[in-house]
Amino acid sequence: MHDFKLKLVLSVLSGIVFSFIFIILAFALPIKDSEAIAIKKPKGKLEQIAHSLKNR
150 MHDFKLKLVL SVLSGIVFSF IFIILAFALP IKDSEAIAIK KPKGKLEQIA
200 HSLKNR
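Numbers given in our numbering equal positions in the sequence shown, counted from 1, plus 149.
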């Protein structure tokens, strides 16, 4: 019976430790910011057509 209680306590503690690790990682890792991407102006006629088809 002591062996079962020990396994139960160790499994609960390991679950708590792993959950804290993932919570800390969620706050520590940077969030990907969606920065404005500089769009270059199309130069030729073919680039203007491709640009207009992309941005419909």
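Just so it is clear, CB atoms sit at the ideal spot from N, CA and C, and this is done for glycine as well.
Simplified DSSP state of residue i, which is helix, strand or coil
| i | result |
| --- | --- |
| Ala187 | coil |
| Leu157 | helix |
| Leu178 | coil |
| Gly193 | coil |
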